[in-house]
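In the numbering used here, the protein residues as written are 398 to 485. One structure is given below, encoded as C-alpha coordinates.
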Amino acid sequence: MLNIPELVNPDEIENFMKTVSYNVKRIREKKKMSQLEVALSIGQKASGFYANAENHAHDKHFNLIHLYKLSVLFEVDICEFFKEETSK
(Lines of atoms letter the chains of each structure in order from A and count residues from 1; the text may use other names and numbers.)
(Lines give C-alpha, C1' and ligand atoms only; values in the text may rest on other atoms or scores of the structure.)
Protein backbone atom coordinates (compact mmCIF):
# COMPACT_ATOMS: atom_id res chain seq x y z
CA MET A 1 0.00 0.00 0.00
CA LEU A 2 1.26 3.47 -0.89
CA ASN A 3 1.66 6.16 1.72
CA ILE A 4 1.09 9.36 -0.25
CA PRO A 5 1.13 12.56 1.82
CA GLU A 6 -1.38 15.34 1.28
CA LEU A 7 0.74 18.19 -0.04
CA VAL A 8 -1.82 20.94 0.37
CA ASN A 9 -5.26 21.05 1.88
CA PRO A 10 -8.39 22.44 0.19
CA ASP A 11 -8.17 25.74 2.09
CA GLU A 12 -4.63 26.31 0.83
CA ILE A 13 -5.77 25.67 -2.74
CA GLU A 14 -8.70 28.05 -2.26
CA ASN A 15 -6.38 30.78 -0.94
CA PHE A 16 -3.99 30.26 -3.84
CA MET A 17 -6.81 30.64 -6.38
CA LYS A 18 -8.08 33.76 -4.59
CA THR A 19 -4.58 35.25 -4.73
CA VAL A 20 -4.37 34.69 -8.48
CA SER A 21 -7.84 36.19 -9.05
CA TYR A 22 -7.05 39.18 -6.83
CA ASN A 23 -3.80 39.89 -8.66
CA VAL A 24 -5.35 39.61 -12.12
CA LYS A 25 -8.05 42.09 -11.10
CA ARG A 26 -5.57 44.44 -9.43
CA ILE A 27 -3.31 44.52 -12.49
CA ARG A 28 -6.25 44.91 -14.92
CA GLU A 29 -7.57 47.87 -12.94
CA LYS A 30 -4.10 49.40 -12.82
CA LYS A 31 -3.94 49.10 -16.62
CA LYS A 32 -7.39 50.77 -16.81
CA MET A 33 -8.89 48.00 -18.92
CA SER A 34 -12.45 46.66 -18.75
CA GLN A 35 -13.27 43.03 -18.08
CA LEU A 36 -14.83 42.77 -21.55
CA GLU A 37 -11.76 44.25 -23.21
CA VAL A 38 -9.47 41.79 -21.45
CA ALA A 39 -11.77 38.80 -21.97
CA LEU A 40 -11.94 39.40 -25.72
CA SER A 41 -8.18 39.99 -25.88
CA ILE A 42 -7.43 36.56 -24.40
CA GLY A 43 -9.85 34.77 -26.71
CA GLN A 44 -13.05 34.62 -24.69
CA LYS A 45 -16.27 35.27 -26.63
CA ALA A 46 -17.84 37.27 -23.80
CA SER A 47 -16.91 38.58 -20.38
CA GLY A 48 -18.88 36.05 -18.29
CA PHE A 49 -16.16 33.45 -17.70
CA TYR A 50 -13.51 36.12 -17.26
CA ALA A 51 -15.60 38.05 -14.71
CA ASN A 52 -16.28 34.88 -12.72
CA ALA A 53 -12.62 33.84 -12.74
CA GLU A 54 -11.46 37.32 -11.76
CA ASN A 55 -14.01 37.53 -8.94
CA HIS A 56 -13.40 33.94 -7.84
CA ALA A 57 -17.05 33.07 -8.41
CA HIS A 58 -18.92 29.93 -9.51
CA ASP A 59 -15.78 27.78 -9.24
CA LYS A 60 -14.23 29.40 -12.34
CA HIS A 61 -10.44 29.70 -12.48
CA PHE A 62 -7.80 30.94 -14.89
CA ASN A 63 -5.69 28.22 -16.47
CA LEU A 64 -2.04 28.51 -17.44
CA ILE A 65 -2.81 29.62 -20.99
CA HIS A 66 -5.11 32.37 -19.68
CA LEU A 67 -2.39 33.54 -17.30
CA TYR A 68 0.24 33.50 -20.05
CA LYS A 69 -1.99 35.57 -22.34
CA LEU A 70 -2.81 37.95 -19.50
CA SER A 71 0.88 38.43 -18.71
CA VAL A 72 1.54 39.34 -22.35
CA LEU A 73 -1.49 41.64 -22.52
CA PHE A 74 -0.67 43.39 -19.25
CA GLU A 75 3.09 43.41 -20.02
CA VAL A 76 3.95 41.86 -16.65
CA ASP A 77 5.93 38.82 -15.60
CA ILE A 78 3.59 35.88 -15.09
CA CYS A 79 4.96 35.60 -11.53
CA GLU A 80 3.03 38.77 -10.64
CA PHE A 81 -0.17 36.72 -10.52
CA PHE A 82 1.18 34.46 -7.78
CA LYS A 83 2.47 37.08 -5.35
CA GLU A 84 0.84 37.33 -1.95
CA GLU A 85 -0.52 40.81 -1.31
CA THR A 86 -1.02 42.12 2.16
CA SER A 87 -3.82 44.52 1.24
CA LYS A 88 -6.49 42.03 0.14
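Heads up, the beta-carbon is just placed ideally off N, CA and C, and yes, glycines get one too.
- Here DSSP, grouped into helix, strand and coil, assigns H463 to helix.
- Boundaries of the alpha helix (DSSP H) harbouring V435: 432-438, taken from the DSSP string.
- V473: not part of any alpha helix (DSSP H); DSSP gives it neither H nor E.
- Per DSSP, the continuous alpha helix (DSSP H) segment holding P407 begins and ends at 407-427.
- Inter-residue distance for E481 and F413 is about 9 Å (C-alpha atoms, whole angstroms).
- Here S468 carries a helix assignment [DSSP, helix/strand/coil].
- It is roughly 16 Å from the alpha-carbon of N449 to the alpha-carbon of F478.
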